[in-house]
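Presented below is the structure to which this report refers.
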Amino acid sequence: MSRPIRVTMTVNGRRRHVTVPAMKRLRDVLREDLKLSGSKEGCGEGECGACSVLIDGKSVNSCLVPAAQASGARIVTIEGLARGRRLSALQRAFIELGGAQCGICTPGMLITATELLQRAKGRVPGDQEVREALAGNLCRCTGYQKIVDAVRAAARTRVSAKRAKARPRAAAARTRVSAKRSARPKTRRP
Amino acid sequence: MLTLPAFEWLRPANLDDALAHLANHAAESLVVAGGTDAVPNLKHRLHEPRWIVHLGRLDELRFVRESEGALSIGPLVTLSAIARHEGIRRDFPSLARAASLVASPQIRNMGTLGGNLCLDTRCTYYNQTYFWRDALGFCLKKDGVRCHVVPQGRRCVAAHSSDVSPVLISLDASVDISNARGSRTVPVDEFFVGDGVHNNVLVPGELVTRVTIPAASRGLRAAYQKLRPRAAIDFPMLSVAFAARVSDGGCEHARLVVSALGAKPRRIGGLDALVKGRPLDDALGEALAEAAYRQCRPLTNVAYDDAYRHEMVPVFVRRAVREAGGIA
Ligand SMILES: Cc1cc2nc3c(=O)[nH]c(=O)nc-3n(C[C@H](O)[C@H](O)[C@H](O)COP(=O)(O)OP(=O)(O)OC[C@H]3O[C@@H](n4cnc5c(N)ncnc54)[C@H](O)[C@@H]3O)c2cc1C
Ligand code: SF4
Numbered sequence: 001m002s003r004p005i006r007v008t009m010t011v012n013g014r015r016r017h018v019t020v021p022a023m024k025r026l027r028d029v030l031r032e033d034l035k036l037s038g039s040k041e042g043c044g045e046g047e048c049g050a051c052s053v054l055i056d057g058k059s060v061n062s063c064l065v066p067a068a069q070a071s072g073a074r075i076v077t078i079e080g081l082a083r084g085r086r087l088s089a090l091q092r093a094f095i096e097l098g099g100a101q102c103g104i105c106t107p108g109m110l111i112t113a114t115e116l117l118q119r120a121k122g123r124v125p126g127d128q129e130v131r132e133a134l135a136g137n138l139c140r141c142t143g144y145q146k147i148v149d150a151v152r153a154a155a156r157t158r159v160s161a162k163r164a165k166a167r168p169r170a171a172a173a174r175t176r177v178s179a180k181r182s183a184r185p186k187t188r189r190p
Numbered sequence: 001m002l003t004l005p006a007f008e009w010l011r012p013a014n015l016d017d018a019l020a021h022l023a024n025h026a027a028e029s030l031v032v033a034g035g036t037d038a039v040p041n042l043k044h045r046l047h048e049p050r051w052i053v054h055l056g057r058l059d060e061l062r063f064v065r066e067s068e069g070a071l072s073i074g075p076l077v078t079l080s081a082i083a084r085h086e087g088i089r090r091d092f093p094s095l096a097r098a099a100s101l102v103a104s105p106q107i108r109n110m111g112t113l114g115g116n117l118c119l120d121t122r123c124t125y126y127n128q129t130y131f132w133r134d135a136l137g138f139c140l141k142k143d144g145v146r147c148h149v150v151p152q153g154r155r156c157v158a159a160h161s162s163d164v165s166p167v168l169i170s171l172d173a174s175v176d177i178s179n180a181r182g183s184r185t186v187p188v189d190e191f192f193v194g195d196g197v198h199n200n201v202l203v204p205g206e207l208v209t210r211v212t213i214p215a216a217s218r219g220l221r222a223a224y225q226k227l228r229p230r231a232a233i234d235f236p237m238l239s240v241a242f243a244a245r246v247s248d249g250g251c252e253h254a255r256l257v258v259s260a261l262g263a264k265p266r267r268i269g270g271l272d273a274l275v276k277g278r279p280l281d282d283a284l285g286e287a288l289a290e291a292a293y294r295q296c297r298p299l300t301n302v303a304y305d306d307a308y309r310h311e312m313v314p315v316f317v318r319r320a321v322r323e324a325g326g327i328a
């Protein structure tokens, strides 16, 4: 048996230390040692994406990361997306548009979509771009369309919030329009 | 739940330290870069190392550099970074494309170029849990003596499954390999060997330290086509990389590589005579498709029908030639 090692990482903005076997999977460290049970396990082989977390801003499968490999990393889990009790725009859009059903894939979907929206930097990604970005997150309930709609709606909210900040006067009207649009997004099926 | 076996974790601070450890303990060590191939294989007890040598701190192996037109890439560069790199997309689009088709976004965020080149071969009878393999009596590649794909055979024929390597061969790339005593450079075309147990020329103690695409490969008309069950996540069940130099007088030279069928990528032979002076059009695509069909023999090494994969060879070669030729 190998000796436990001490691993220090930043999880959802807090520095955390754990002493665990080097081969303990990051997913298990998060769920068992740090009691962050939001990240799920579907397949344990990197296919389903239910265990996705952000490591240094990039979505990865935490079931494929030995604890030792996460040493020194900045990790964000599903528990880290909300500001206190205020859900992120993406989380709210998932609720409003039915992007979550049974809930197992949801934490991973939200994590990967968060990376996408950060990369998109205020642009609204197209339907196909969202589908490709979420290709590593399997969902067996929604048929994906509602998830894609929710991600794009959240991106629109972010864009209009940004514009509202930049030009306060015209903003109110536009926010109303985009809220309406995000409630009933145009669905384009492939 | 699939857990990892016990191991000692080493995280060398630089290349010399990594090579020094491997010089003495290569047989009991497993090198890990992104871990997206190694970790699932460890869970299946396909590797049982005493040490894991994690390359994550070797920043000297993380670079994309252009010098005098040649492009060199460090083995620790992730597939996401390759797929998004502007210079690579502009000069070597088939490479960016192949990287973007590996696995899923999460895996491309972790998975590296070096790991992709050195990816373990895959087989229905190998990529299974210990319990599963035990029930079958194991196989030649690991823990057993018989091959279940070619029962009379003495060689493992597990499938080379890397998306990026066929493209590197088509672009005439080379790899730098180092051990504690020195380095050597090998064309990617000669990097792979036809033995599924260990399908490359690396000997214990060696690491890939750089991949270089020569300046002469800029401006090739190149393409990559991949067949897989789902358009996301899955390994290739057939892959085709094509690259041709085309001038006013038609094709001068071409390389066609078909992979995911046997233990090493297959470079289709006799191409230069076939393409010389001809335009890159559908007629040429047809001729190349026929040549590839004749030279390829898929096996039942992965869980998809071998006859189907064989019939798809000409289809995907035609698509690759059309893509390279810009034919809509
Ligand atoms: C669900 C799933 C789907 C996948 N789909 C695909 C796919 O479609 N196409 C594809 O090509 N791959 C696929 N992969 C395999 C893998 O994710 C990629 O090939 C990836 O690029 C491997 O890189 P890595 O850094 O994670 O490799 P690691 O797992 O770290 O290493 C892989 C192997 O390479 C060796 N190695 C790594 N770096 C070096 C080096 N510098 N020198 C010498 N040896 C080295 C390691 O010892 C190990 O044997 C998939 C994996 C999973 C889990
Ligand atoms: S090809 Fe044969 S020896 Fe190789 S992994 Fe498959 S069953 Fe085992």
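As you go down the protein sequences, you meet chains A and B in turn. Counting in the working numbering, the first sequence runs from 1 upward without gaps. Counting in the working numbering, the second sequence runs from 1 upward without gaps. Each residue gets a CB set at the ideal place from its N, CA and C atoms; glycine is no exception. Since the structure is predicted, the reported quantities are computational estimates derived from the model, not experimental observations.
Next on the checklist: Against chain B, does residue 190(A) count as a neighbour if the rule is that its beta carbon must be under 8 Å from one of theirs?
Outcome noted: In this prediction, residue 190(A) scores a pLDDT of 42, lower than 50, which makes its location untrustworthy; the coordinate-derived value is nonetheless stated afterwards. No, residue 190(A) does not count as interfacial toward chain B.
Checklist entry - Sorry if obvious, but does the Cβ on residue 204(B) come closer than 7 Å to a heavy atom of ligand 1? => result Incorrect: residue 204(B) has no Cβ contact closer than 7 Å to ligand 1.
Checklist entry - Since residue 95(B) and residue 171(B) are thought to touch, with beta carbons under 8 Å apart, how far apart are those beta carbons, to the nearest angstrom? => result Taking a contact as a CB-CB distance under 8 Å, the pair residue 95(B) and residue 171(B) counts as one, their CB atoms being some 7 Å apart.
Checklist entry - Taking any Cβ of chain A, which residues in the segment 91 to 120 of chain B have a Cβ under 8 Å from it, in chain order? => result Taken in chain order, the members of the segment 91 to 120 of chain B whose beta-carbon sits within less than 8 Å of a beta-carbon on chain A are 103, 104, 105, 106, 107, 109, 110.
Item to check | C-beta neighbour in chain B for residue 175(A), strict 8 Å | outcome: Reliability of the predicted coordinates at residue 175(A) is poor, the pLDDT of 48 falling under 50, and no value is obtained from them.
Item to check | Environment of residue 125(B) [buried if 16+ CB atoms lie within 10 Å] | outcome: Residue 125(B) should be labelled buried.
Checklist entry - At least one CB of chain B closer than 8 Å to the CB of residue 9(A): is that the case? => result Judged by the 8 Å Cβ criterion, residue 9(A) is not in contact with chain B.
Checklist entry - By how many angstroms is the C-alpha of residue 256(B) removed from the C-alpha of residue 164(B)? => result Rounded to the nearest angstrom, the two C-alpha atoms are 14 Å apart.
Next on the checklist: I'd like to know if the segment 127 to 138 of chain A and the segment 1 to 20 of chain B are in contact, where contact means that at least 3 CB-CB pairs between them fall below 8 Å.
Outcome noted: Short answer: they don't touch.
Checklist entry - Hey, quick one: how far does the beta strand (DSSP E) through residue 224(B) stretch, first residue to last? => result For residue 224(B), the enclosing beta strand (DSSP E) has its first and last residue at 221 to 227.
Item to check | Under 7 Å by beta carbon: chain B residues contacting residue 69(A) | outcome: Residues of chain B with a Cβ closer than 7 Å to the Cβ of residue 69(A) are, in chain order, 35, 54, 56.
Next on the checklist: Beta-carbon within less than 8 Å of residue 16(A)'s beta-carbon, same chain only, minus the 5 sequence neighbours each way: which residues are those?
Outcome noted: Once the five neighbours on either side are set aside, the close Cβ partners of residue 16(A) are 8, 9, 10, 34.
Checklist entry - In chain order, which beta strand (DSSP E) runs of at least 3 residues are fully inside the segment 18 to 105 of chain A? => result If only uninterrupted beta strand (DSSP E) runs of at least 3 residues are considered, those enclosed by the segment 18 to 105 of chain A are 52 to 55, 58 to 61, 74 to 76.
Checklist entry - Is it buried or exposed for residue 165(A), if we count other Cβ within 10 angstroms and need 16 for buried? => result Looking at its Cβ environment, which holds fewer than 16 other Cβ atoms inside 10 Å, residue 165(A) is exposed.
Checklist entry - Does the beta-carbon distance from residue 258(B) to residue 313(B) come in below 8 Å? => result Yes.
Checklist entry - Starting from residue 176(B) and walking both ways along the beta strand (DSSP E), at which residues does that stretch end? => result In the DSSP annotation of this structure, the continuous segment of the beta strand (DSSP E) that includes residue 176(B) starts and ends at 174 to 179.
Item to check | Neighbourhood of residue 133(A) by C-beta, 6 Å cutoff - its chain only, sequence neighbours within 5 removed | outcome: Excluding positions up to five away in sequence, the list reads 116.
Next on the checklist: I'd like the ranges of any alpha helix (DSSP H) spanning at least 4 consecutive residues and lying wholly in the segment 260 to 311 of chain B.
Outcome noted: Complete alpha helix (DSSP H) runs here, min 4: 271 to 275, 282 to 295.
Item to check | Close-in-space but distant-in-sequence residues of the same chain around residue 144(B) (CB under 7 Å, 5 per side omitted) | outcome: Same-chain partners within the cutoff: 137, 138.
Checklist entry - How should residue 9(B) be labelled, buried or exposed, when 16 other C-beta atoms within 10 angstroms of its C-beta is the threshold for buried? => result Buried, by the Cβ-count rule.
Next on the checklist: Please determine whether the Cβ atom of residue 196(B) lies at a distance below 7 Å from any heavy atom of ligand 2.
Outcome noted: Yes, the Cβ of residue 196(B) comes within 7 Å of a heavy atom of ligand 2.
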